[in-house]
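Colleague: Residue numbers (the numbering used here), protein chains in the order written: chain A, 1 to 180; chain B, 1001 to 1246; chain C, 2001 to 2350.
(1) Does any residue of chain C have a CB that is nearer than 8 Å to the CB of residue 131/A?
(2) Between the Cα of residue 2082/C and the Cα atoms of 2029/C, 2184/C and 2033/C, which residue gives the shortest distance?
(3) Looking at chain B, which residues of the region 2054 to 2081 of chain C have a Cβ within less than 9 Å of any of its Cβ atoms?
(4) At a CB-CB cut-off below 7 Å, which residues of chain B make contact with residue 2204/C?
(5) Closest Cβ-Cβ distance between residue 85/A and chain C: below 8 Å?
(6) Residue 1163/B to residue 2035/C, Cα distance in whole Å?
(7) Can at least three beta-carbon pairs, one atom from the region 1224 to 1241 of chain B and one from the region 2039 to 2048 of chain C, be found at a separation below 8 Å?
(8) Alpha helix (DSSP H) containing residue 1020/B: first to last residue?
(9) Any residues in the region 2205 to 2234 of chain C with a beta carbon nearer than 9 Å to a beta carbon of chain B? Which ones, in chain order?
(10) Considering residue 2185/C, what are the terminal residues of the beta strand (DSSP E) in which it resides?
(11) Can you tell me which residues form a DSSP beta bridge with residue 2326/C?
(12) Suppose you measure from the CA of residue 2111/C to the CA of residue 2031/C; what does that come to, to the nearest Å?
(13) Using alpha carbons as the reference points, say which of 1152/B, 1229/B, 1156/B and 1147/B lies closest to residue 1137/B.
(14) Since residue 2133/C meets chain A, which of its residues come closer than 8 Å, beta carbon to beta carbon?
(15) Cutting at 8 Å between CB atoms, please list the residues of its own chain near residue 1099/B, excluding the five before and the five after it.
(16) State yes or no: is the C-beta of residue 1210/B within less than 8 Å of the C-beta of residue 1175/B?
(17) Label residue 2241/C either buried or exposed according to how many other C-beta atoms from any shown protein chain fall within 10 Å of its C-beta, with 16 as the threshold for buried.
(18) Do we get a CB-CB distance below 8 Å when we pair residue 2087/C with the residues of chain B?
(19) Skipping 5 residues on each side, what residues in its chain have a beta carbon closer than 7 Å to that of residue 1231/B?
(20) Specify, as a first and last residue, the run of the beta strand (DSSP E) that residue 2278/C falls within.
(21) Just how far apart, CA to CA, sit residue 9/A and residue 35/A?
(22) Determine the DSSP secondary structure at residue 2233/C, reduced to helix, strand or coil.
(23) According to a CB-to-CB cut-off of less than 9 Å, which residues of the region 2281 to 2293 of chain C neighbour chain A?
(24) Please name the residue in 2338/C, 2331/C and 2345/C whose C-alpha comes closest to that of residue 2119/C.
(25) Nearest-angstrom Cα distance between residue 1087/B and residue 2003/C?
(26) According to DSSP, is residue 1115/B helix, strand or coil?
(27) Here's the rule: buried if 16 or more other CB atoms are within 10 angstroms of the residue's CB, otherwise exposed. What is residue 2221/C?
(28) So is residue 2260/C buried or exposed if we call it buried at 16+ other beta carbons inside 10 Å?
(29) Looking at the secondary structure, which residues open and close the alpha helix (DSSP H) in which residue 2091/C lies?
(30) Should residue 1029/B go down as buried or exposed, given a rule of 16 or more other Cβ atoms within 10 Å for buried?
(31) Is the beta carbon of residue 2054/C less than 8 Å from the beta carbon of residue 1014/B?
(32) Output the distance between the C-alpha atoms of residue 2345/C and residue 67/A, rounded to the nearest integer angstrom.
(33) Measuring only the C-alpha atoms, how far is residue 2153/C from residue 2065/C?
(34) Taking DSSP as the reference, what is the three-state secondary structure of residue 1057/B?
(35) Would you kindly work out how many angstroms separate the C-alpha atoms of residue 2272/C and residue 2293/C, rounded to a whole number?
(36) In chain C, what lies closer than 9 Å to residue 182/A by C-beta?
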């Protein structure tokens, strides 16, 4: 398989680390090698957060993605600005459309802008915007199905708060179904 | 023949390394007698510190651990936390407890560790040759305060019992002295109570014992005892500073 | 048991408890905080957990608990390890089994919090006083970190010696699928422990003071004999063998994985390279490294430092094969292409 080098980035509190963890759980459950590496320390408290998820068939070489990002979730403009220069040419970028306005005109990869905040607002729960983003991001990874995504949400988040889990799944499905 | 006095089982046969006239020997005996009388010798761990009493692991007739300078309360914490049913005590001097080890003693009390601390205050660094300690009295001459302790540059002597009594986690803090038979008997009562409290899981105790260093002070043994009574006890008042165990 | 996705710090803590660690003493420092947090939550009731007032106190609590017979452990990161050096020397001097995990970061001084390997010398040479050695294990990922912490308790008990598990910020912070060995690690009798039990018939004393020089020299000779045994028996390394390799990388910890990516990239360009990865930094695999390097054009030592392990690499090679160095520091991590370029440069601009 071609190595997946996925970065999930945004403001602290937007839940980008959780999105990365869900993808890592999916990969693990498919017996793939995977690593999840967060930004940490004061950087987290400064307002930006990101994580690197690397998925490979047998062994993850570097858990840090220096270049060649294959999948990027940018939940805000600084996230896109920071990681765009490190993307592969055929990168798939999922953006949070209401907060990411400026995409360079010469961008050659695939761009999937979706207003995740709007989806969350429609569900009356701002916390679930990241689950919609997870849905949209997952759809760009054909090795994982919609059902896999729901299973991962239940596995990772289900125990804590069941009513929120239902909303999370709804948001996920809306993000997954949304056409860019 | 009736035996009216004998050596306690709480001490080994190893000869003390203390100078003639020093009251460390008396304090060792008191601690050892208390352990024997309370039947604690078989399940106690002594923590020796760094200073004149560095060899105390050879003298107390129970299990013992030698600790780094100032760290005895942390070492005692490690032992007590894995063996809460055992009796654990530290034996520390004023350089060890009141200077390099202030963090460890304050924090052990703060956590309310159920240990007993025997704090021997002789107002000087004895083992290293008589240097100034945080407890050295104002104007007292030592090898590093050759013109007498200048409190304008070195501060007023630190009063550890008063300080420790302010810590909410501490249970029992008393200052005693070993200057004459009566004060020695009182010191023993305090030490015994501290071990009794530990046995009853009552928490952290520290007994500060004003002790002599006749060599370091440049006094005869007898004058040194008078110095404890007249000079030290007037700056470091004797008494119970805290007793939550009653 | 199936695999779970866990952070390195938490997995290390869980593996330690599974290996019978029953006394943990720590102090918060990034990037190892999840380790102490996990211990505070999951240390069994019968075990001991104390958040100490300092790293100094924490290692001395380990000293006390280990002296009293416990499987004791502390964890920290680089500046905290500096503070623990006194206690590590005392543990070595008193021959106490203790496990110390260092999730290292950039230095010197307060440095930074991102992964670095500037503490190779701190771990393998130590900053404590005296002629002592500490076994140092260097994992390259979360799974191996859990295996090594288990092994660390075994080695510590077996040799009555401190063992450092030298991880880095990546291993501490990263999540990977992990399967933790939950089989009980057999207890090793500790008849020497000073645990307040005279029913054994004699006093036990744990001590590192020997005022008599004849006794102290004997103690040092005994320690040396123990270290000789450790050097003979406990060397561990991984060699990704390639008969056609013209270049050999040497790397440990997380960077060794980046080297593997570089080796793939080099292969695509027609250059064969292999990796020698020390898993024990003390004892260092001197002989094995020298043997593996024979016939190679050169050895490239890649570290997240300005050059520390390279000294041991050169000691191994004894001049038999040229040794070059490539390093980044301060939390900067090299990319595979940097290593590829370094190899090509040394091969003469191929």
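Ideal Cβ positions, reconstructed from N, Cα and C, are used throughout, including at glycine.
Modeller: Taking the structure as given:
(1) It does not: the Cβ of residue 131/A has no partner Cβ on chain C nearer than 8 Å.
(2) 2029/C
(3) Result list: 2054, 2056, 2057, 2058, 2059, 2060, 2061, 2062, 2063, 2064, 2065, 2066, 2067, 2068, 2069, 2070 and 2072.
(4) 1063
(5) For residue 85/A, the answer is no, since every Cβ of chain C falls outside 8 Å of its Cβ.
(6) 34 Å
(7) They do not touch, by the three-pair rule.
(8) It is not in any alpha helix (DSSP H) - residue 1020/B carries neither H nor E in the DSSP assignment.
(9) 2205, 2206, 2207, 2208, 2209 and 2211
(10) It is not in any beta strand (DSSP E) - residue 2185/C carries neither H nor E in the DSSP assignment.
(11) 2302/C
(12) 12 Å
(13) 1156/B
(14) Residues of chain A passing the Cβ test: none, with the nearest at roughly 31 Å.
(15) 1070, 1133 and 1134
(16) Judged by their CB atoms, residue 1210/B and residue 1175/B are nearer to each other than the 8 Å cut-off.
(17) exposed
(18) yes
(19) 1137
(20) 2273 to 2278
(21) CA-CA distance, residue 9/A to residue 35/A, rounds to 16 Å.
(22) helix
(23) none
(24) 2331/C
(25) 44 Å
(26) coil
(27) exposed
(28) buried
(29) 2078 to 2093
(30) buried
(31) no
(32) If I take the Cα positions, the gap works out to 21 Å.
(33) C-alpha separation (whole angstroms): 14 Å.
(34) helix
(35) 14 Å
(36) The question about residue 182/A has no answer, for chain A in this structure spans 1 to 180.
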